[in-house]
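Structure first, then comments.
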Amino acid sequence: MRRLISSEFLRARSRRVVPMMVVGALAGVLIGVTIGTIVAEGKDSTAVRRGQRMYELGVRRCLDGNYGPVPDAYASLEEFCTEAVRPESFGPDSLDFFDLDALLEGTASLVIMLGAFLGATLGGADWSAGTMGTLLTWEPRRLRILAARAVVVSIVVFAIAVGAQIWLSAVFAGGVAVKGSFVGTPDGFMGDVAISIVRVASASALFSLIGLAFATIGRSTVSGISAFLGYLIIVELFIANLVFVTARFTFGRAAVAMTSGEALLLVNPRPPRVDPAPDQLEFLLQPGRAWLTVIGWVVVMLLVASASFRGRDVT
Amino acid sequence: MGGVIEVEGLRKEFRKLRHGRTTALAGLDLEVPEGGVFGFLGPNGAGKTTMIRCLLGLVRPGAGRVRLLGADVPGSLASSIGQVGSIVEQPLLFPRMTGRRNLEILARVHGIGPSTVDAVLDRVGLSERQGDMAKTYSLGMKQRLGIAAALLKDPSLLILDEPANGLDPAGIVQVRELIRSLGSEGRTVFISSHILSEVQQIADRVAIIARGRLITQGSVADVVSAAAGSAGMVARVPDPAAAILHLATAQIQARALGDTIHVDVEPERGADITRLLAEQGIYLSELRRVAVDLESVFLELTKDEGLA
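Here the protein sequences line up with chains A and B, keeping their order. In this text, residue positions in the first sequence follow the numbering used here: the first is 119, and each later residue adds one. In this text, residue positions in the second sequence follow the numbering used here: the first is -19, and each later residue adds one.
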């Protein structure tokens, strides 16, 4: 098994698509953050003074009654204006390092898609090139091949996802150093960032196994990626919205809760009109349940892929 | 039984989307003894590649028994696969990897080191092109790389499906020499081929199959001489039509073959032909056995299959 895994690592390393995707992701991050840095305003004294003036103007307009009648929840116009007009809304639009966590969370869906595509391409390459027959004349135990491939794909994708996010963090820190501020970064922030990176990379590795399973069942990279996208469109967009109870079992929604580490409120867009039960209106998807959902999908998909791989002839 | 390849009653059917089922193997029996070169012949669609796929566990037979180097296939194939090198149909490679990298990936599966990779590349004459992407290789070079991959395990049994496919004449000679030398090293080389003249030159034994069944099997000399006995004789006469007529009155079948006639008798009855025709004033200027080679035997044995 160790030799087979070593061979699979060499195969993955030798595939052109891997460095292409890595370079593409790194370049995309660099370009994106560079543009963001150029567009961002610096926190120089002019920008701060301009923000202060805009804030004071906003408060005055509110106190003049331009923001409409005072809602019942507020005791006075002053209290309402203090809440409605926030100073941070008028500050310079600059880069703040404490936004990194939100940035990583925002790019998590891209990292997960990257993982699924890499899983499909690494799992489908042998089928597309027709080399699976050759490999089987070296290792006829098909379950071993699939297991070794699953190990290698998940490790490679995890490593790439961690690397890409570290690169994003480093480039963002560079942008902040040039035109932004590290002020306000809470204690233990880097620890939270590290946990966030590992969480997203783990989710990406799990999704790579789903991509691998799709490619193994479809016996090509194209059918693996097509099946994955088809799932997203048919199940996540249509079925989960039409039949609300299925939404809690979809792995796309689960991915959001997994990567944010926070519960996701699923709201039924078509609730029953007569006596709806509470869980027919909305469902709070907890992160733990989201992880179990995706792990369940991975197990089921790999079992189906194993049965398909073992049961069908290789011609 | 006790050969390196043992096949008993092997059956395989493939489902077709619109045309029901097609039978690729219809109870094939085969035994390949250890050592030497074994030619596996059959017309297109006879089931050669399907049989090879069954041997290597790529295709699951519907019925029958397959043993490879004494191990049941597919159950115990893992125990014998380390001694088997193979090419099925055509060597399939990762086109955007170098020839060497394609071999290294396979070599790692069995813990084979780089020196062996060097040695097999050298043996098939690809050392100088090992660093080039496989997609830049000619068909012949890909074939040689496939043979190199098959040799990596230093196998005692080589299974080569159409190893001369796509090769130019020089390449065919190279592969012929390579197979001959592999066979003389004590290995068993099992080759399926449709280039019968090639097989006749290098094989010690052959099996001919058609429609998924064994037609004949044995040493090349035995198969050819068995067919030669019933191949008939060719006679050159001044008046072929008259000769055919006179032979027919003596219950001997003959047919015109250009300015000669083909007489369907064993060579031992040559004197009878001479006498019968001479009695009618027809004198032979030539009487000889029909020349028989593996190709004519193959065509004769498979003519009823309508596939050759």
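For glycine and all other residues, C-beta sits at the position ideal for the given N, C-alpha and C.
| Check | Outcome |
| --- | --- |
| If we count Cβ pairs, one from each stretch, closer than 8 Å, do we get three or more for the stretch 221 to 231 of chain B versus the stretch 246 to 263 of chain B? | yes |
| Hey, could you find the ends of the alpha helix (DSSP H) B:F20 is sitting in? | It is not in any alpha helix (DSSP H) - B:F20 instead sits in the beta strand (DSSP E) that spans 16 to 21. |
| Quick one: does A:L128 have its CB under 8 Å from some CB of chain B? | yes |
| Per DSSP, which residues does B:S172 bridge with? Please list them. | B:F20, B:D141 |
| Using 10 angstroms around the beta-carbon of B:N145, count the other beta-carbons present and answer buried if the total reaches 16, otherwise exposed. | buried |
| Looking only at its chain, what residues have a beta carbon closer than 7 Å to the beta carbon of B:G212, apart from the 5 residues adjacent to it on each side? | H242, V243, D244, V245, V270 |
| Would you mind listing the alpha helix (DSSP H) stretches within the stretch 347 to 380 of chain A that are 4+ residues and don't spill past its ends, in chain order? | 362 to 365, 369 to 378 |
| For B:P54, count the other beta carbons within 10 Å of its own beta carbon; 16 or more makes it buried, fewer makes it exposed. Which is it? | buried |
| Give a yes or no on whether 8 Å exceeds the smallest Cβ distance from B:R(-2) to chain A. | no |
| Residues of chain A with CB under 8 Å from B:R40, in chain order? | D431 |
| Determine, using beta carbons only, whether B:V89 and A:L122 come nearer to each other than 8 Å. | yes |
| Please classify B:R(-5): does DSSP put it in a helix, a strand, or coil? | strand |
| Helix, strand or coil for A:T255? Go by DSSP, reduced to three states. | coil |
| So the candidates are B:A221, B:G250, B:E248; which of them puts its Cα closest to the Cα of B:A236? | B:A221 |
| From B:L287 to B:L5, what does the alpha carbon distance come to, in whole angstroms? | Confidence is the limiting factor: at B:L287 the pLDDT is only 46, short of 50, which leaves the residue's position unreliable, though a coordinate-based value still follows. Their Cα atoms are separated by approximately 15 Å. |
| Measuring CB to CB, does B:T168 end up less than 8 Å from B:E(-7)? | no |
| Just verifying my parser: in three-state terms, what is the DSSP assignment at B:D102? | helix |
| Could you run through the stretch 47 to 70 of chain B and flag, in chain order, every residue whose CB is less than 9 Å away from some CB of chain A? | V53, P54, L57, A58, I61, G62, V64, G65, S66, I67, V68, E69, Q70 |
| Can you pull the chain A residues whose beta carbon is under 7 Å from the beta carbon of B:L137, in chain order? | Ordered by position in chain A, no residue passes the 7 Å Cβ test against B:L137, which lies about 12 Å from the chain. |
| So A:V296 and A:T155 are supposed to be a Cβ contact under 8 Å. How far apart are they, rounded? | 6 Å |
| Any beta carbon of chain B sitting closer than 8 Å to that of A:T255? | yes |
| Are A:L148 and A:V289 close, meaning C-beta to C-beta below 8 Å? | yes |
| With A:T368 and A:V318 assumed to form a contact (beta carbons below 8 Å), what rounded beta-carbon distance in angstroms separates them? | Going by Cβ atoms, the distance from A:T368 to A:V318 rounds to 18 Å, so no, they are not a contact pair. |
| Rounded to a whole number of angstroms, what is the C-alpha to C-alpha distance between B:V12 and B:V97? | 29 Å |
| Since B:L83 meets chain A, which of its residues come closer than 7 Å, beta carbon to beta carbon? | In chain order: nothing, as chain A lies at least about 11 Å away. |
| Which whole-angstrom value is the C-beta distance of B:K133 and B:G37, which I expect to be below 8 Å? | That belief does not hold up - the Cβ atoms of B:K133 and B:G37 are roughly 16 Å apart, past 8 Å. |
| By Cβ distance below 7 Å, which residues in the same chain neighbour A:G176 in space, the five residues on each side in sequence not counted? | V203, F208 |
| Report the CB separation of B:F103 from B:L138 in whole angstroms; it is logged as a contact under 8 Å. | It should be pointed out that residue 103 of chain B corresponds to Arg in this sequence rather than to Phe. With 8 Å as the limit, B:R103 and B:L138 do not qualify as a contact, their Cβ atoms being about 13 Å apart. |
| Tell me B:T2's beta-bridge partners as DSSP assigns them. | B:F(-6) |
| To which residues of the same chain is A:P450 closer than 6 Å at the C-beta, ignoring the five residues directly before and after it? | With chain A running from 119 to 433 in the structure shown, residue 450 of chain A is simply not present. |
| Take B:G29 and list the residues in its own chain whose beta-carbon comes closer than 8 Å to its own, dropping the five residues that flank it on each side. | Correcting the residue type first, residue 29 of chain B is Thr in the shown sequence and not Gly. Hits under 8 Å: V68, E69, D141, S172. |
| Quick one: does the C-beta of B:E178 sit closer than 7 Å to a heavy atom of the ligand NAD? | Ligands are entirely absent from the displayed structure, and the ligand NAD is therefore not among its contents. |
| Suppose only complete runs of 4+ residues qualify. What are the alpha helix (DSSP H) ranges in the stretch 223 to 276 of chain A, listed by chain order? | 250 to 254 |
| From which residue to which residue does the beta strand (DSSP E) around B:G198 run? | 193 to 199 |
| Using 10 angstroms around the beta-carbon of A:A233, count the other beta-carbons present and answer buried if the total reaches 16, otherwise exposed. | Note on residue identity: the sequence assigns Gly, not Ala, to residue 233 of chain A. Under this definition A:G233 is a buried residue. |
| My output table needs one value for B:L36: the three-state DSSP class, helix, strand or coil. | coil |
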